[in-house]
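15 is the number of the first residue of the sequence shown in this note's numbering; add one for each residue after it. Built from N, CA and C at the ideal position, the CB exists for glycine as well. Some notes on the structure that comes next.
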Amino acid sequence: MSESLHYVCPHCHTTNRIARDQLGNSPDCGNCHRPLVTGEPVALDGDSFARHTGRSQLPVVVDFWAPWCGPCRMMAPGFAQAAQTLAGQAQLAKLDTEAYPQAAAPFGIRSIPTMVVFKEGKELARISGALPPGDIVRWVQSVI
């Protein structure tokens with residue numbers, strides 16, 4: 015029997031219990047019945063940020079960004095590409111620090127883009143500055 019873990023749905027933000035070995039088999043959310051593993055970054059707000067970073071037992075990589083930030087916009091396609099590569103290993107998510115400053119404030123984000131890896135509510139690592147897709151994947155894999 016496979017180890018089960020909590021995985022927060024990227025659509026309705028409900029916490030699901032799923033067998034780790036089922037992550038590669040396109041599992042659906044028990045609440046909204048949409049795919050749990052999408053290979054796309056999840057857009058977070060204040061409430062969903064707390065749910066994903068606090069409840070998910072799969073690492074959650076949050077890109078703290080803002081729409082006016084040129085390096086953030088340059089990194090966005092690479093971040094989306096990394097989300098596809100890391101699907102099932104980590105959930106990649108984005109938090110707009112301009113729209114949701116109260117969610118970012120406790121983490122002392124001083125420059126953007128900044129990526130932070132969370133697991134079960136704990137910060138594991140962070141890195142600031144725009145990275146190319148391959149470097150994002152390598153950095154996340156080195157942390158998780």
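Rounded straight-line distance, which links the Cα of residue j to that of residue i
i	j	result
P105	P41	The question names Pro, yet the displayed sequence has Gln at residue 105. In a straight line, the C-alpha of Q105 is about 14 Å away from that of P41.
R34	Q103	10 Å
E17	G38	14 Å
M15	P73	With a pLDDT of only 48 at M15, under 50, the local geometry of the prediction cannot be trusted, and the value read off the model is given with reservation. Looking at the two C-alpha atoms, the distance is approximately 22 Å.
I141	A80	16 Å
H20	G122	27 Å
S125	D110	13 Å
G60	R48	22 Å
W82	C43	34 Å
Within-8 Å CB hit, residue i to chain C
i	result
I150	Looking at the structure shown, chain C is missing, and only one protein chain is on hand.
Three-state secondary structure assigned by DSSP to residue i
i	result
H20	strand
M15	Legend: pLDDT at M15 = 48, less than 50; position of this residue unreliable, no value from coordinates given.
T67	helix
N45	coil
L138	strand
V51	coil
L72	coil
Q103	coil
W82	coil
Closest Cα partner of residue i within the set the options
i	options	result
A90	N45, P147, P49, Q71	P147
R31	W79, P115, R69	R69
W153	M129, E137, K136	M129
Contact under 8 Å by Cβ, residue i with residue j
i	j	result
E134	Q71	yes
C46	H66	no
L58	C23	no
A139	V157	yes
P127	F78	yes
So, do the stretch 39-54 and the stretch 92-104 have three or more beta carbon pairs nearer to each other than 8 Å?
yes
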